[in-house]
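Residue numbers (UniProt numbering): 1 to 163.
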């Protein structure tokens, strides 16, 4: 079984500024501090935030019975502003998923260089005998992260002027 869910969020900062957050390890630190109901702990196992970086993510109690997983950044493309991370150990892989990939794209809005769209996509594959577990796939935690990031970026934007 193969599936995909996605969501977009408009952000009133330039794409280059949004990418500074999304394309780095800073987003994980922000999430850990501000959204303890989504993530309890994020630890860099290896890497510096570029492709090949591996993170250990610890989930809060009661997260679909999952406790932790490791994810690996498979793509970090600063030019296209795309980051992909795949679960490589634990988590949903223990529930019959053979692929669980999160792609984040920061897209400049056409004609509005001071705004961008952030698109988060979850792509997954799971064994047929575990097809019922597709119901566990939820974009909602990513939507919460996108809202947190949008609020942070808006507050800390170097292009925002105050009167």
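Yeah, the Cβ is synthetic: ideal placement off N, Cα and C, and Gly gets one too. Computed from a predicted structure; not experimentally measured.
#1: Residues in its own chain within less than 8 Å of residue 4 by CB, not counting five upstream and five downstream?
#2: Name the residue from 131, 113, 137 whose alpha carbon lies nearest to the alpha carbon of residue 10.
#3: From residue 16 to residue 24, what does the alpha carbon distance come to, in whole angstroms?
#4: Suppose contacts are defined by Cβ-Cβ distances below 7 Å. Is residue 115 in contact with residue 32 by that definition?
#5: Using beta-carbon positions only, say whether residue 139 and residue 7 come within less than 7 Å of one another.
#6: How would you call residue 53, buried or exposed, if buried means at least 16 neighbouring beta carbons within 10 angstroms?
#7: Ends of the beta strand (DSSP E) at residue 77?
#8: Just the Cα atoms here: how many angstroms apart are residue 34 and residue 148?
#9: If you measure between the beta carbons of residue 64 and residue 136, is that distance less than 7 Å?
#10: Assuming residue 76 and residue 70 form a contact by the criterion Cβ under 8 Å, report the distance between their Cβ atoms to the nearest whole angstrom.
#11: Going by beta carbon distance, what residues of the same chain come within less than 6 Å of residue 131, once the five residues before and after it are set aside?
#12: Report the start-end ranges of each alpha helix (DSSP H) in the segment 5 to 48 that is 4 residues or longer and not cut off at the edges.
#13: Taking Cβ positions, are residue 51 and residue 153 nearer each other than 7 Å?
#14: Quick one: give me the first and last residue of the alpha helix (DSSP H) that residue 117 is part of.
#15: Ignore the nearest five residues each way along the sequence and tell me which others in residue 43's own chain have a CB closer than 6 Å to its CB.
#16: Please state whether the Cβ-Cβ distance between residue 105 and residue 127 is less than 7 Å.
#17: Should residue 145 be counted as a contact of the ligand SAM given a C-beta to heavy atom distance under 6 Å?
So, to answer that:
#1: 121, 122, 123, 124
#2: 113
#3: 12 Å
#4: no
#5: yes
#6: buried
#7: 66 to 77 is the span of the beta strand (DSSP E), which, as asked, contains residue 77.
#8: 8 Å
#9: A Cβ-Cβ contact shorter than 7 Å links residue 64 with residue 136.
#10: At roughly 17 Å, the Cβ-Cβ gap does not stay under 8 Å, so residue 76 and residue 70 are not in contact.
#11: 1
#12: 15 to 22, 26 to 34
#13: no
#14: Premise fails: residue 117 lies in the beta strand (DSSP E), 112 to 126, not in any alpha helix (DSSP H).
#15: 56
#16: Not in contact: residue 105 and residue 127 (Cβ atoms no closer than 7 Å).
#17: The ligand SAM is absent from the structure shown, which contains no ligands of any kind.
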